[in-house]
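Peer 1:
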(Lines of atoms letter the chains of each structure in order from A and count residues from 1; the text may use other names and numbers.)
(Lines give C-alpha, C1' and ligand atoms only; values in the text may rest on other atoms or scores of the structure.)
Protein backbone atom coordinates (compact mmCIF):
# COMPACT_ATOMS: atom_id res chain seq x y z
CA UNK A 1 0.00 0.00 0.00
CA UNK A 2 1.28 3.45 -0.92
CA UNK A 3 1.26 6.36 1.50
CA UNK A 4 0.25 10.00 1.79
CA UNK A 5 3.13 11.49 -0.19
CA UNK A 6 2.55 9.09 -3.07
CA UNK A 7 -1.16 9.88 -3.02
CA UNK A 8 -0.54 13.59 -3.52
CA UNK A 9 2.11 12.96 -6.15
CA UNK A 10 -0.47 10.91 -8.02
CA UNK A 11 -3.34 13.39 -7.64
CA UNK A 12 -1.42 16.70 -7.83
CA UNK A 13 -2.98 17.81 -11.12
CA UNK A 14 -6.49 17.17 -9.83
CA UNK A 15 -5.93 19.22 -6.68
CA UNK A 16 -4.46 22.03 -8.76
CA UNK A 17 -7.48 22.08 -11.07
CA UNK A 18 -9.85 22.40 -8.12
CA UNK A 19 -7.69 24.48 -5.80
CA UNK A 20 -7.12 27.45 -8.09
CA UNK A 21 -10.84 28.08 -8.56
CA UNK A 22 -12.30 31.14 -6.84
CA UNK A 23 -14.83 28.89 -5.10
CA UNK A 24 -12.01 27.06 -3.29
CA UNK A 25 -10.68 30.18 -1.58
CA UNK A 26 -11.27 30.13 2.20
CA UNK A 27 -13.90 32.73 3.07
CA UNK A 28 -11.81 33.86 6.04
CA UNK A 29 -8.69 34.64 4.02
CA UNK A 30 -9.43 38.38 3.88
CA UNK A 31 -9.88 38.49 7.64
CA UNK A 32 -6.61 36.65 8.18
CA UNK A 33 -4.65 38.80 5.73
CA UNK A 34 -5.91 41.99 7.36
CA UNK A 35 -3.92 41.00 10.47
CA UNK A 36 -0.61 40.81 8.60
CA UNK A 37 1.80 43.64 7.84
CA UNK A 38 1.44 44.87 4.24
CA UNK A 39 3.83 42.99 1.98
CA UNK A 40 4.69 40.59 4.79
CA UNK A 41 6.30 37.20 4.34
CA UNK A 42 3.82 34.32 4.77
CA UNK A 43 4.48 30.58 5.03
CA UNK A 44 2.12 28.40 2.98
CA UNK A 45 2.57 25.18 4.95
CA UNK A 46 1.53 21.98 3.18
CA UNK A 47 1.13 24.21 0.14
CA UNK A 48 0.30 21.45 -2.34
CA UNK A 49 0.06 22.88 -5.85
CA UNK A 50 0.43 26.44 -4.57
CA UNK A 51 -3.06 27.91 -4.75
CA UNK A 52 -2.91 29.66 -1.36
CA UNK A 53 0.51 31.04 -2.31
CA UNK A 54 -1.09 32.37 -5.48
CA UNK A 55 -3.81 34.10 -3.47
CA UNK A 56 -1.34 35.52 -0.96
CA UNK A 57 0.87 36.98 -3.67
CA UNK A 58 -2.20 38.43 -5.39
CA UNK A 59 -2.84 40.31 -2.15
CA UNK A 60 0.68 41.73 -2.18
CA UNK A 61 2.34 39.35 0.28
CA UNK A 62 5.55 37.37 -0.17
CA UNK A 63 4.61 33.70 0.12
CA UNK A 64 7.00 30.82 0.67
CA UNK A 65 5.64 27.30 0.26
CA UNK A 66 6.57 23.99 1.87
CA UNK A 67 5.26 20.56 0.89
CA UNK A 68 6.49 16.99 0.71
CA UNK A 69 4.97 16.18 -2.69
CA UNK A 70 7.41 16.78 -5.52
CA UNK A 71 4.69 16.58 -8.18
CA UNK A 72 2.60 19.17 -6.36
CA UNK A 73 5.59 21.49 -6.02
CA UNK A 74 6.34 21.20 -9.74
CA UNK A 75 2.86 22.56 -10.49
CA UNK A 76 3.20 25.23 -7.80
CA UNK A 77 6.44 26.50 -9.32
CA UNK A 78 5.00 26.51 -12.83
CA UNK A 79 1.95 28.50 -11.80
CA UNK A 80 3.79 30.87 -9.45
CA UNK A 81 7.09 31.92 -11.03
CA UNK A 82 9.28 33.83 -8.62
CA UNK A 83 7.75 32.28 -5.51
CA UNK A 84 10.02 30.10 -3.36
CA UNK A 85 8.73 26.54 -2.90
CA UNK A 86 10.70 24.06 -0.82
CA UNK A 87 10.24 20.33 -0.37
CA UNK A 88 10.02 19.07 3.18
CA UNK A 89 7.99 17.46 5.94
CA UNK A 90 6.02 19.76 8.22
CA UNK A 91 7.13 17.72 11.26
CA UNK A 92 10.81 18.21 10.46
CA UNK A 93 12.68 21.49 10.89
CA UNK A 94 12.21 23.96 8.04
CA UNK A 95 14.03 26.89 9.66
CA UNK A 96 15.93 27.27 6.38
CA UNK A 97 12.98 29.26 5.03
CA UNK A 98 13.74 32.08 7.48
CA UNK A 99 11.36 34.14 9.60
CA UNK A 100 7.78 34.77 8.48
CA UNK A 101 5.11 37.28 9.53
CA UNK A 102 2.25 34.79 9.18
CA UNK A 103 1.48 31.20 8.25
CA UNK A 104 -1.39 29.28 6.70
CA UNK A 105 -1.87 25.54 6.94
CA UNK A 106 -4.98 24.73 4.95
CA UNK A 107 -5.97 21.07 5.41
CA UNK A 108 -2.41 20.07 6.28
CA UNK A 109 -3.09 18.97 9.84
CA UNK A 110 -5.53 16.30 8.65
CA UNK A 111 -2.48 14.11 7.97
CA UNK A 112 -0.91 14.66 11.39
CA UNK A 113 -1.55 12.20 14.20
CA UNK A 114 -3.02 13.81 17.30
CA UNK A 115 0.10 12.81 19.26
CA UNK A 116 2.24 14.72 16.73
CA UNK A 117 0.23 17.96 16.79
CA UNK A 118 2.47 19.56 19.45
CA UNK A 119 5.49 19.00 17.20
CA UNK A 120 3.67 20.56 14.25
CA UNK A 121 2.97 23.69 16.31
CA UNK A 122 6.57 23.85 17.54
CA UNK A 123 7.85 23.75 13.97
CA UNK A 124 5.63 26.70 13.03
CA UNK A 125 6.73 28.59 16.14
CA UNK A 126 10.36 28.19 15.09
CA UNK A 127 9.83 30.41 12.03
CA UNK A 128 6.84 32.59 12.95
CA UNK A 129 7.74 36.02 14.30
CA UNK A 130 6.47 36.99 17.77
CA UNK A 131 2.94 38.31 17.45
CA UNK A 132 2.50 36.59 14.10
CA UNK A 133 -0.65 34.68 13.15
CA UNK A 134 -1.28 31.10 12.05
CA UNK A 135 -4.45 30.13 10.19
CA UNK A 136 -5.05 26.37 10.27
CA UNK A 137 -8.01 24.39 8.97
CA UNK A 138 -9.04 20.95 10.20
CA UNK A 139 -11.85 18.51 9.60
CA UNK A 140 -14.37 18.59 12.44
CA UNK A 141 -14.22 15.50 14.61
CA UNK A 142 -11.52 13.40 16.19
CA UNK A 143 -9.47 10.41 15.09
CA UNK A 144 -8.80 8.65 11.82
CA UNK A 145 -11.51 8.77 9.16
CA UNK A 146 -11.21 5.45 7.39
CA UNK A 147 -13.50 6.38 4.50
CA UNK A 148 -11.30 9.41 3.73
CA UNK A 149 -8.01 7.62 4.26
CA UNK A 150 -7.90 4.62 1.93
CA UNK A 151 -8.58 4.91 -1.79
CA UNK A 152 -7.72 3.03 -4.98
CA UNK A 153 -6.44 4.81 -8.09
CA UNK A 154 -5.44 3.02 -11.29
CA UNK A 155 -5.20 -0.30 -9.50
CA UNK A 156 -3.00 1.01 -6.68
CA UNK A 157 -4.18 1.42 -3.08
CA UNK A 158 -3.22 4.59 -1.19
CA UNK A 159 -3.56 5.41 2.50
CA UNK A 160 -3.30 9.14 3.16
CA UNK A 161 -4.12 8.73 6.87
CA UNK A 162 -6.88 11.33 7.10
CA UNK A 163 -7.41 12.48 10.69
CA UNK A 164 -10.03 14.80 12.15
CA UNK A 165 -9.19 17.13 15.04
CA UNK A 166 -11.27 19.19 17.43
CA UNK A 167 -10.64 22.49 19.18
CA UNK A 168 -9.70 20.83 22.45
CA UNK A 169 -6.99 18.78 20.75
CA UNK A 170 -5.59 21.84 19.01
CA UNK A 171 -5.65 23.91 22.20
CA UNK A 172 -3.78 21.20 24.08
CA UNK A 173 -1.23 20.85 21.29
CA UNK A 174 -0.41 24.53 20.72
CA UNK A 175 1.66 24.64 23.91
CA UNK A 176 3.04 27.80 25.47
CA UNK A 177 4.00 29.42 22.18
CA UNK A 178 0.49 30.22 20.93
CA UNK A 179 -2.81 31.71 21.95
CA UNK A 180 -5.99 30.46 20.31
CA UNK A 181 -7.67 33.62 19.02
CA UNK A 182 -10.78 31.79 17.86
CA UNK A 183 -12.61 30.10 15.04
CA UNK A 184 -13.06 32.00 11.78
CA UNK A 185 -15.94 31.63 9.29
CA UNK A 186 -16.02 28.63 6.97
CA UNK A 187 -18.06 28.01 3.85
CA UNK A 188 -18.13 24.27 4.61
CA UNK A 189 -19.66 22.98 7.82
CA UNK A 190 -17.33 19.98 7.94
CA UNK A 191 -14.21 22.19 8.01
CA UNK A 192 -13.12 24.44 10.86
CA UNK A 193 -10.68 27.35 10.49
CA UNK A 194 -8.80 28.33 13.63
CA UNK A 195 -6.68 31.43 14.18
CA UNK A 196 -3.66 31.26 16.47
CA UNK A 197 -1.26 34.02 17.49
CA UNK A 198 2.31 33.44 18.58
CA UNK A 199 3.01 35.12 21.90
CA UNK A 200 5.36 38.09 21.96
CA UNK A 201 7.81 36.45 24.37
CA UNK A 202 8.19 32.71 24.19
CA UNK A 203 10.88 30.06 24.04
CA UNK A 204 10.53 27.47 21.28
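In this note's numbering, the protein residues as written are 259 to 462.
Where a beta carbon is used, it is the ideal one built from N, C-alpha and C, also for glycine.
Would you kindly report the start and end of the unbroken beta strand (DSSP E) that includes residue 447?
Peer 2: Position 189 of the chain shown, counted from the first residue, corresponds to residue 447. Premise fails: residue 447 is in no beta strand (DSSP E) and is neither H nor E.
Peer 1: Compare the Cα-Cα distances from residue 264 to each of 414, 432, 358, 385 and report the closest residue.
Peer 2: Numbered from 1 along the chain shown, position 6 holds the residue referred to as residue 264. Checked all of 414, 432, 358, 385; the closest Cα to residue 264 is 414.
Peer 1: Can residue 321 and residue 299 be called in contact, C-beta distance under 9 Å?
Peer 2: Counting from 1 along the chain shown, the entry for residue 321 is found at position 63. Counting from 1 along the chain shown, the entry for residue 299 is found at position 41. Yes, they are a contact pair.
Peer 1: Of the residues 364, 371, 431, which one's Cα is nearest the Cα of residue 421?
Peer 2: Here residue 421 refers to the residue found at position 163 of the chain shown. Among 364, 371, 431, the Cα nearest to that of residue 421 belongs to 371.
Peer 1: DSSP has residue 395 in a bridge; who is on the other side?
Peer 2: Walking along the chain shown from the start, residue 395 turns up at place 137. BP columns for residue 395 point to 364, 451.
Peer 1: According to DSSP, is residue 330 part of a helix, a strand, or is it coil?
Peer 2: Numbered from 1 along the chain shown, position 72 holds the residue referred to as residue 330. It is helical.
Peer 1: State the CB to CB distance for the pair residue 324 and residue 352, rounded to an integer number of angstroms; the pair is presumed to be in contact (CB under 8 Å).
Peer 2: Indexing the chain shown from 1 puts residue 324 at position 66. Indexing the chain shown from 1 puts residue 352 at position 94. With 8 Å as the limit, residue 324 and residue 352 qualify as a contact, their Cβ atoms being about 5 Å apart.
Peer 1: Going by CA-CA distance only, name the one from 333, 447, 362 that's closest to residue 314.
Peer 2: Stepping through the chain shown from its first residue, residue 314 is reached at position 56. It is 362.
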